[in-house]
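Please read the structure below before turning to the comments.
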Amino acid sequence: MSATQEIDSEVKAQADNHKNEGNALYKSRDFAGAIAAYEKAFSLNPDTIYLNNLAAVYLEQGEYDQCIKTCERAIEEGREKRTDYKVIAKSFARMGSAYLKKGEYELAIKNLEKSLTEHRTPDTLAKLKEAQKTKTEEERKAYLNPELSDKAREEGNACFKNGDFAGALLALPEALKDTDAAIEISKKAIDTLRKAEEHDPEKKHAKEIATNLQKCVMAEYGERANETDEQRLEKAMRDPEIQQIMSDPVMQQILSQGQQDPQALQSHMSNPMIRRKIMKLVEAGIIIYLFPILPCNQLECVRVNFKKKAMQS
Numbered sequence: 001m002s003a004t005q006e007i008d009s010e011v012k013a014q015a016d017n018h019k020n021e022g023n024a025l026y027k028s029r030d031f032a033g034a035i036a037a038y039e040k041a042f043s044l045n046p047d048t049i050y051l052n053n054l055a056a057v058y059l060e061q062g063e064y065d066q067c068i069k070t071c072e073r074a075i076e077e078g079r080e081k082r083t084d085y086k087v088i089a090k091s092f093a094r095m096g097s098a099y100l101k102k103g104e105y106e107l108a109i110k111n112l113e114k115s116l117t118e119h120r121t122p123d124t125l126a127k128l129k130e131a132q133k134t135k136t137e138e139e140r141k142a143y144l145n146p147e148l149s150d151k152a153r154e155e156g157n158a159c160f161k162n163g164d165f166a167g168a169l170l171a172l173p174e175a176l177k178d179t180d181a182a183i184e185i186s187k188k189a190i191d192t193l194r195k196a197e198e199h200d201p202e203k204k205h206a207k208e209i210a211t212n213l214q215k216c217v218m219a220e221y222g223e224r225a226n227e228t229d230e231q232r233l234e235k236a237m238r239d240p241e242i243q244q245i246m247s248d249p250v251m252q253q254i255l256s257q258g259q260q261d262p263q264a265l266q267s268h269m270s271n272p273m274i275r276r277k278i279m280k281l282v283e284a285g286i287i288i289y290l291f292p293i294l295p296c297n298q299l300e301c302v303r304v305n306f307k308k309k310a311m312q313s
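Have a look at this one:
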């Protein structure tokens, strides 16, 4: 064995000793000591593994930018030295974790996906799913910000005024997300307007919303013009939500009142939960509800159009 090989071997052994020291210090949460040990190891032997260890310390410290820079360096040097793809995968995964901690979900997902491309592990896959889920949830929360609702309402309302209901949906894509596991809300203009109502607690835009709601409902009735009452009812009762509403004793009583006295429905509309159920039945065509329902107007005409057998279904 040559003298050079012996020196290289000794240097590598020294570097590994510093790495082991750094591991022990990291476990004892002496992060400053761990950083010094890993840096010493890398100075003796520029192995990408030591940079990954160093990045782990920065991640644990909350020094996310420094962690990202260290991972980028590890990847760059690793590529040049043809480092094992598993080591490079770890660099991408650690960088993805840092971006996730920073709330930069797109970059987190991008780097975690790159890690899986290099080497697929259950931990990285789980982290990717976490990032995707968190991104979806944060986007939903951002949309629920009241400050954003006016802008969304104006964009959607412009489309509604022109009768462009599909355009309204495209203008309000974030309004079409459910709160449970990011399930999409029914892609209908009426649902978008319901969202607008929820984001308008002070009723500043109640007149515009109600007017557009009337327009949407009448458009839906136009589409059902050739359907008989029986066909409309049969179609509506395929919806589990409609079935639940129609089997609700409270709603049965309200609908029975509506048959005898259409004005009775108006009084129930002040209850948000009942209002939502009634509007669901309106949308389904079970209740023929002619508007306007505005603070300054009386209900002009209501026709409850359902069969008793629907409530018994």
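Residue numbers (UniProt numbering): 1 to 313. Positions of the beta carbon are idealized from the N, C-alpha and C atoms, including for glycine.
Spatial neighbours of residue i in its chain, beta-carbon cut-off 6 Å, leaving aside the 5 residues before and after
i: ALA15; result: ALA41, LEU44 and ASN45
i: HIS268; result: ILE254 and ILE274
i: ILE242; result: ALA236 and ALA284
i: GLU21; result: ALA37
Cβ distance (whole Å) where residue i is taken to contact residue j below 8 Å
i: LEU59; j: SER97; result: 6 Å
i: LYS102; j: TYR64; result: 5 Å
i: LEU100; j: ALA108; result: 4 Å
i: ALA264; j: GLN253; result: Contact doesn't hold; Cβ gap of about 10 Å is too wide.
Rounded straight-line distance, which links the Cα of residue j to that of residue i
i: ALA74; j: LYS129; result: 25 Å
i: LEU169; j: THR192; result: In this prediction, LEU169 scores a pLDDT of 48, lower than 50, which makes its location untrustworthy; no coordinate-derived value is stated.
i: THR136; j: ARG94; result: 21 Å
i: ALA284; j: THR124; result: 45 Å
i: SER28; j: GLN61; result: 13 Å
i: GLU104; j: GLU72; result: 16 Å
i: GLU113; j: LYS127; result: 10 Å
i: ILE287; j: PRO240; result: 17 Å
i: THR134; j: ALA56; result: 22 Å
i: ILE185; j: SER247; result: With a pLDDT of 33 at ILE185, under the threshold of 50, the modelled position of that residue is not reliable, and the figure given next carries that caveat. Going from the Cα of ILE185 to the Cα of SER247 covers about 23 Å.
i: ASN17; j: GLU10; result: 11 Å
i: PRO201; j: THR83; result: 58 Å
i: ALA131; j: LYS280; result: 35 Å
i: HIS199; j: GLN66; result: 40 Å
i: ASP261; j: ILE278; result: 15 Å
i: LYS12; j: GLU80; result: 19 Å
i: GLU76; j: PRO122; result: 25 Å
i: PRO173; j: GLU106; result: Low local confidence applies: a pLDDT of 46 at PRO173 is under 50, so the model's placement there is unreliable, and no value is given.
i: ASP8; j: GLU138; result: 51 Å
i: LYS204; j: ASN111; result: 44 Å
i: ASN23; j: PRO272; result: 59 Å
i: PRO249; j: GLN259; result: 15 Å
Contact set for residue i: own chain, Cβ-Cβ below 8 Å, skip 5 residues either direction
i: LYS19; result: ALA37, TYR38, ALA41, ILE49, TYR50 and ASN53
i: LEU25; result: PHE31, GLY33, ALA34 and ALA37
i: LYS86; result: GLU118 and HIS119
Test item: CB-CB of residue i and residue j under 7 Å
i: MET251; j: ILE245; result: yes
i: residue 388; j: GLY78; result: Limits of the chain in this structure are 1 at one end and 313 at the other, which puts residue 388 out of reach.
7 Å CB neighbourhood of residue i in its chain, flanking five on each side removed
i: GLU197; result: ILE209
i: SER270; result: none
i: THR70; result: LEU51, LEU54, ALA55 and TYR58
Any chain D beta carbon closer than 7 Å to residue i
i: ALA284; result: Absent here is chain D; the protein component of the structure consists of one chain.
Inset, instruction - Quick one: which unbroken alpha helix (DSSP H) runs of 4-plus residues sit fully inside the UniProt repeat "TPR" (89-122)? Chain order, please. - result: 105-118
Inset, instruction - At 4 residues or longer, and completely inside the UniProt domain "STI1" (239-278): list those alpha helix (DSSP H) runs for me, N to C. - result: 240-247, 249-260 and 263-268
Inset, instruction - Report the residue ranges of all alpha helix (DSSP H) runs contained in full by the region 20-102; include only those spanning at least 4 residues, in chain order. - result: 31-44, 48-61, 64-80 and 85-102
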